[in-house]
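Encoded as structure tokens, the structure appears first; notes follow it.
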């Protein structure tokens, strides 16, 4: 049985990705920070598969918590085939770089870039022994071009750095049967993060050129494809799932 780790996997886009793996017969280890209600809800929804689900509390900005997450997954299931790093802090308040505090800057960079370094250090030795692994990071629209994203400087800087890290590790680990790719969601509003595509068929969204709202399943299906055994030719890729929307300039 394949095993997947999904950080922040008990709600939102992370949960939708985890559900996709569960449907494919995977076992999963899901991290959460402090939302015990989301854990309780998922246990109720997936009670029939609870022997395939492990919940681990932790903070992705702390190296020791990420080590505990991976150690727990490996000890419980004996392998780590997939890592989806869905977790990453984000500041919703729109403000310029000079208005960021040092604490906010550190949180953005540590949570969105340095955390991935810690996760690579923990999962890649396991995947090398297996000669197999699939790793997915998260970015934003046009992250591979390091664009200006006004009022999102710290987050954008961390994610642009993560693009280079993703591509570099993809090349370094290709010989070990490990692929590393990035998925870049468009604007998925809160009410649609766990939704399926069927739920929004027929609904109009004039802000998205494709014509319907973006949902969690759009992102989850892309992740599942990147993590497929036969997707080994896809590595170092940055895949945008935006429906054609221009997320960066929407509110400028």
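In the numbering used here, the protein residues as written are -6 to 245.
The C-beta atom is built at its ideal place from N, Cα and C for all residues, glycine as well.
- Counting only residues of its own chain and dropping the five nearest sequence neighbours on each side, residue 234 has a CB closer than 8 angstroms to the CB of 176, 177, 178, 179, 207, 211, 212, 215.
- In terms of Cβ geometry, residue 190 and residue 238 do not form a close pair [threshold 8 angstroms].
- For the region 98 to 149, the continuous beta strand (DSSP E) assignments of 3+ residues that do not extend past its boundaries occur at 126 to 131, in sequence order.
- Under the three-pair Cβ rule at 8 angstroms, the region 75 to 88 counts as touching the region 122 to 142.
- In the structure shown, residue 91 falls within a helical segment according to DSSP collapsed to helix, strand and coil.
- With 16 or more other CB atoms across the displayed protein chains lying within 10 angstroms of its CB, residue 151 is buried.
- Burial of residue -4 is indicated by the presence of at least 16 other C-beta atoms within 10 angstroms of its C-beta.
- Partner residues in a beta bridge of residue 216, as assigned by DSSP, do not exist.
- Judged by DSSP in its simplified three-state form, residue 197 adopts coil rather than helix or strand.
- Taking a 10 Å sphere around the C-beta of residue -6, we find fewer than 16 other C-beta atoms and assign the residue as exposed.
- Counted as a single uninterrupted DSSP element, the stretch harbouring residue 226 is not any alpha helix (DSSP H), since DSSP gives it neither H nor E.
- The alpha-carbon separation between residue 32 and residue 198 amounts to approximately 31 angstroms.
- Excluding five sequence positions before and after residue 43, the CB atoms of its chain that fall closer than 8 angstroms to its own CB belong to 36, given in chain order.
- Judged by DSSP secondary structure, residue 38 falls within the alpha helix (DSSP H) whose first and last residues are 29 to 38.
- DSSP places residue 63 in the uninterrupted alpha helix (DSSP H) bounded by 56 to 70.
- For residue -4, the beta-bridge partners assigned by DSSP are 20.
- Excluding five sequence positions before and after residue 89, the CB atoms of its chain that fall closer than 8 angstroms to its own CB belong to 143, 144, 146, given in chain order.
- Apart from the 5 residues on each side of it in sequence, residue 137 sits with its Cβ closer than 6 angstroms to the Cβ of 156, 231 in its chain, given in chain order.
- With contacts defined by Cβ atoms closer than 8 angstroms, residue -1 and residue 21 form a contacting pair.
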